[in-house]
Each structure stands twice: as C-alpha cells, then as structure tokens.
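The working numbering numbers the first residue of the sequence shown as 9 and each following residue consecutively.
Below is one structure; the comments refer to it alone.
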Amino acid sequence: MLKEFPHKNLIEIDIFELQPSQFFVNEDKVNAVSSFVNSSKDVVIPIIKKDEMIIVLDGHTRLYAASMKGIKTVFVFDTETEQYIYDFVQEAQRRNIKNVSDLKRLSHEDYEKEWYSYCDNYIKDKKGE
C-alpha cells in the first residue's frame, strides 16, 4: 500500500525569484539530477514565504540543474519550516547569494567539507547560546 499525502497547490514561478537557503551545490549531484531535469514540470520545490522573499527549502540541486539547462520557471509549493532556515538565508544573503545563479558549484569533496563544516559550526554556535 502506498502512503497518500495531502494535495499541494503548485505555482509556476520564475527561478530567479527564488532565494536559496544554501550556498553550494554538489557537482556530482548536479550531474545526476541533470539526467531527469528536462522541463519546468520536472522541478517541484518546497518554499516558504517571508516578507518579500520566496525561500527555497529543498531542491537547490534540481533548481541549479534547471537553470543550467535554460529552464526559466519551476513549480513550487508552500510548506512550513524551522527557525534555522532564516539564519541560513541571512548567511546566504551575506555571501551575496540572491538567486540560483549565485550558488557555487563544488566538487563532491569540497561540497562535503564546506557545507557540513558550516552546518556543524552553526549547530555548535546555537548550542553555545
């Protein structure tokens, strides 16, 4: 038996209107997802809206692959998130990451080093507060 999920209203949106909550994409993952990202219908991204921002919660690699293929729009749906995502967005903006074209493509090894290091330090800093 398959699990059923509530229906989500999908909205088509310009990919450059989306604010990433990450800073990097993993080159190996980009290559892997590029094989099935062929149109805007192939990319469905969970988002949260805050003030004037539409924040990407997941799917940064799919979004990046779509932009590399010249796909201009993707589908999004609203969901919920936790507080940390707003801290990640603030850090992304501090790093001048305002849309998908600003994400830095890294080798698998560099991605793991950079992203996991950031996340580990974030958690350590939050525990120290």
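For each residue, glycine too, the CB sits at the ideal point set by N, CA and C.
Of the residues the options, which one's Cα is nearest the Cα of residue i?
i: residue 132; options: 116, 92 and 105; result: 92
i: residue 35; options: 69, 53, 96 and 128; result: 69
i: residue 51; options: 40, 79, 62 and 28; result: 79
i: residue 61; options: 15, 25 and 85; result: 25
i: residue 37; options: 113, 125, 134 and 127; result: 113
How long is the line joining the alpha carbons of residue i and residue j, rounded to whole angstroms?
i: residue 119; j: residue 17; result: 33 Å
i: residue 108; j: residue 117; result: 21 Å
i: residue 121; j: residue 115; result: 10 Å
i: residue 102; j: residue 87; result: 25 Å
i: residue 21; j: residue 49; result: 11 Å
Taking the DSSP output, what are the residues bridged to residue i?
i: residue 113; result: 33
i: residue 98; result: Looking at the DSSP assignment, residue 98 forms no beta bridge with any residue, so it has no partner.
i: residue 26; result: 62
i: residue 21; result: 82
Just to check my reading of the structure: residue i and residue j have Cβ atoms closer than 8 Å, yes? What is that Cβ distance to the nearest angstrom?
i: residue 54; j: residue 83; result: Going by Cβ atoms, the distance from residue 54 to residue 83 rounds to 11 Å, so no, they are not a contact pair.
i: residue 81; j: residue 65; result: Actually they do not touch by this definition, with Cβ atoms about 18 Å apart.
i: residue 100; j: residue 30; result: 7 Å
Unbroken stretches of the beta strand (DSSP E), 3 residues or longer, contained in the region 29-66: 32-34, 52-58 and 61-64
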